[in-house]
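Contents: one structure, followed by commentary.
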Amino acid sequence: MLELRESRYDRQERIWWWDQSKLSSSRVLVVGAGALGNEMVKNLCLVGVGQIDVVDMDLIEHSNLARCALFREEDEGQPKSHALVGRAASINPEVTLRAFACRVQELGSGWLRQYDLVIAGLDSREARLWVNAACRRLGKYWIDGAIEGLQGLVRVFGPGGACYECTLGEVDLAALSHRRSCAILSPAEIASGHTPTNATTASVVAGIEVQEAIKLLVDRPDLLALQGRVWRLEGESMMTTLIEYIEDPMCMAHDRVTEWADPPEAIESLAQACSALRTKSGGPVEAVYFTDDVLTIEPCALCGRGESLVGLRSVMPDGAARCANCGADRPVDSRSSLGLDDPLAVAPWAEWHWPRSELVGLRMSTGIVHMVLEGEA
Ligand SMILES: [Zn+2]
Ligand SMILES: [Zn+2]
């Protein structure tokens with residue numbers, strides 16, 4: 113007699129609002145492959161999310177092994193993203209996994225368009241701020257989690273209401289902006305990575321993050337408990353609190369892309385990409401707006417060494433503005449928009465430091481449209 117094997121997902125499908133087919137066709141980006149990332153990827157694999165991409169720039173250190181469920185001793189020295197994806201593959205053969213060993217900024221906000229959700233286990237405010245701005249721009253949800261000692265927090269930011277930037281004060285934002293300009297001068301000043309954490313706190317916090325993620329992926333945002341709110345755990349006393357965030361009406365991160373233009377097939381320069389667009393959609397492009405500052409770094413004024421560099425601040429190599437020969441600061445120019453009569457507009461596109469896929473805003477007489485440009489980062 114033929115014995116029917118029950119579905120792998122039978123027990124979870126008995127949850128009344130569960131929708132396995134939606135879950136199995138969804139795509140999630142996991143930002144950070146540390147303690148939280150390990151737990152999140154494990155959970156996302158178990159429940160059968162269709163595609164899981166993992167991005168993290170770090171390599172595995174010996175001290176990661178005490179709190180990263182899927183790493184093994186022989187993984188030491190490997191990129192965290194690749195090791196995590198490699199180990200997670202055997203949890204559920206129905207899941208597709210991909211690893212990116214870089215900073216999330218190097219993927220670019222255009223790259224994030226393909227995901228249903230971004231879920232983060234980051235230790236950097238700067239990366240959080242970037243993910244927040246990118247998701248808000250695209251009208252996407254993202255979930256943030258953090259751990260320190262036995263304390264943890266989880267919060268969900270959506271297309272409307274309070275965003276991560278709304279939760280930061282002016283002092284925080286000023287400090288972040290200062291650090292951003294420093295990174296161009298002094299390499300490896302960032303990333304402390306020595307926060308006290310442990311496996312149990314990571315497991316609880318990542319579990320809560322994925323619990324909220326599942327609700328979104330089965331298209332039930334009405335079930336979310338943490339949108340625009342923060343859930344805090346104090347692991348010594350086991351006290352938990354839930355606090356509502358207040359939306360800041362002056363927040364700079366609330367612009368949403370409403371109209372998209374297709375980029376030309378081959379890009380030679382910004383000016384060429386824009387003129388190709390003119391023939392398609394009628395209106396000439398008056399100016400190009402960037403999602404981050406565009407930097408041009410000139411050869412050293414003191415010793416004349418170093419090549420000119422151009423590109424988006426978020427993907428410029430750390431320390432690029434310091435002369436490798438004599439240590440002097442190289443001349444740096446920074447701007448957030450460009451007229452098409454600017455010499456930079458005709459600079460060869462292949463020379464730009466640019467994320468894999470990042471959008472630009474194009475001001476036309478009819479308003480702003482956005483276009484995704486691909487780079488080599
Ligand atoms: Zn905001
Ligand atoms: Zn020099």
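Using the working numbering, the letters of the sequence shown correspond one by one to residues 113 to 489. Here a beta-carbon is modelled for each residue, glycine too, at the ideal position from N, C-alpha and C.
Are the C-beta atoms of Ala337 and some chain B residue less than 8 Å apart?
In the structure shown, chain B does not exist; there is a single protein chain.
Tell me whether the beta-carbon of Ala325 lies closer than 8 Å to the beta-carbon of Ile203.
For Ala325 and Ile203, no; Cβs fall outside 8 Å.
Check each residue's C-beta against every heavy atom of ligand 2 and list, in chain order, those closer than 6 Å.
Checking every Cβ against the heavy atoms of ligand 2 under 6 Å gives Cys412, Leu414, Cys415, Arg417, Cys435, Asn437, Cys438 and Ala440.
Range of the contiguous alpha helix (DSSP H) that encloses Gln323:
In this chain, the alpha helix (DSSP H) harbouring Gln323 covers Ala311 to Leu329.
Contact belief for Ile379 with Trp461 at Cβ below 8 Å, rounded distance in angstroms
Between Ile379 and Trp461 a beta carbon distance of about 5 Å is seen, short of the 8 Å cut, so the two are scored as contacting.
Taking the CB atoms as reference points, tell me whether Leu262 and Glu348 lie closer together than 8 Å.
In this structure, Leu262 sits near Glu348, with a CB-CB distance shorter than 8 Å.
Between Cys247 and ligand 1, is there a pair consisting of the residue's CB and a ligand heavy atom that are separated by less than 7 Å?
The answer is no for Cys247.
So Arg425 and Asp404 are in contact, right, with Cβ under 8 Å, and what is the actual spacing, rounded?
Separation of the CB atoms of Arg425 and Asp404 is rounded to 5 Å, and the pair is thereby assigned contact status at 8 Å.
Is it buried or exposed, Pro191, if we count other Cβ atoms within 10 angstroms and call 16 or more buried?
The C-beta of Pro191 has 16 or more other C-beta atoms within 10 Å across all chains shown, which makes the residue buried.
Can we count Asp284 as close to ligand 1, meaning its CB is less than 7 Å from some heavy atom?
In this structure, Asp284 has its beta carbon at no less than 7 Å from each heavy atom of ligand 1.
Taking the alpha-carbon of Cys247 as reference, which of Gly264, Glu277 and Arg179 has the nearest alpha-carbon?
Checking every option, the nearest Cα to that of Cys247 belongs to Glu277.
Beta-carbon separation (whole angstroms), Leu224 vs Lys252, contact threshold 8 Å:
The beta-carbon separation of Leu224 and Lys252, rounded to 7 Å, stays under the 8 Å limit for a contact.
According to the Cβ coordinates, are Val266 and Glu321 closer than 8 Å?
Yes.
Given this structure, state the Cα-to-Cα distance separating Glu419 from Pro467, to the nearest angstrom.
Rounded to the nearest angstrom, the two C-alpha atoms are 20 Å apart.
Measuring CB atoms only, is the stretch 430-449 touching the stretch 362-369, in the sense that at least three cross pairs come out at less than 8 Å?
Contact between the stretch 430-449 and the stretch 362-369 is absent, because fewer than three Cβ pairs lie under 8 Å.
Do you know offhand how far Ala383's Cα is from Trp242's?
Straight-line Cα distance between these residues: approximately 27 Å.
Is the beta carbon of Ala181 sitting closer than 8 Å to the one on Asn150?
Contact: yes.
Alpha helix (DSSP H) containing Asp248: first to last residue?
Strictly speaking, residue 248 in this sequence is Arg, with Asp absent from that position. Looking at the DSSP string, the run of the alpha helix (DSSP H) that includes Arg248 is Arg237 to Leu250.
Out of curiosity, what's the CA-to-CA distance linking Leu177 and Thr309?
Rounded to the nearest angstrom, the gap between the Cα atoms of Leu177 and Thr309 is 12 Å.
According to DSSP, His482 sits in a beta bridge with which residue or residues?
Trp372 and Gly473.
Which residue comes first and which comes last in the alpha helix (DSSP H) that contains Asp122?
Asp122 to Glu125 is the span of the alpha helix (DSSP H), which, as asked, contains Asp122.
How should Val451 be labelled, buried or exposed, when 16 other C-beta atoms within 10 angstroms of its C-beta is the threshold for buried?
Reading off the sequence shown, one finds Gly at residue 451, where the question assumed Val. With fewer than 16 other Cβ atoms within 10 Å, it is exposed.
Tell me the DSSP secondary structure of Ala457 in three-state form.
In the three-state scheme derived from DSSP, where H, G and I count as helix and E and B as strand, Ala457 is classed as helix.
For ligand 1, residues whose Cβ lies under 5 Å from any non-hydrogen atom
So the residues near ligand 1 by this Cβ test are Cys275, Glu277, Cys278, Cys363 and Ala365.
So within the stretch 120-177, which uninterrupted beta strand (DSSP E) runs reach at least 3 residues, ignoring any that extend past its ends?
139-143 and 163-167, all fully within the stretch 120-177.
From the DSSP output, in three-state form, read off Gln339 for me.
Correct three-state label for Gln339: strand.
Compare the beta carbon distance of Leu148 and Val317 with 8 Å and say whether it is the shorter of the two.
In this structure, Val317 lies closer than 8 Å to Leu148 by Cβ.
Give the single residue among Cys386, Cys415 and Tyr121 whose Cα lies nearest to the Cα of Tyr401.
Closest by alpha carbon: Cys386.
Determine the burial state of His482: buried for a count of at least 16 other Cβ atoms within 10 Å of its Cβ, exposed for fewer.
His482 comes out buried.
Reducing DSSP to helix, strand and coil, say where Pro333 ends up.
Annotated three-state conformation of Pro333 is helix, per DSSP.
Count the other CB atoms, across all protein chains shown, that sit within 10 Å of the CB of Met476; report buried if there are 16 or more and exposed otherwise.
Buried, since its Cβ has 16 or more Cβ neighbours within 10 Å.
Is the separation between the beta-carbon of Arg332 and that of Trp129 shorter than 8 Å?
Cβ atoms of Arg332 and Trp129: closer than 8 Å.
In the stretch 393-432, which residue ranges form an unbroken beta strand (DSSP E) of at least 3 residues, counting only runs that do not cross its ends?
Listed in chain order, they are 397-409 and 421-424.
Flag this pair as touching only if the stretch 281-288 and the stretch 117-124 have three or more C-beta atom pairs under 8 Å; answer yes or no.
The stretch 281-288 vs the stretch 117-124: no contact.
Taking the straight line between their C-alpha atoms, what separation do you get for Val143 and Leu414?
One C-alpha to the other measures close to 41 Å.
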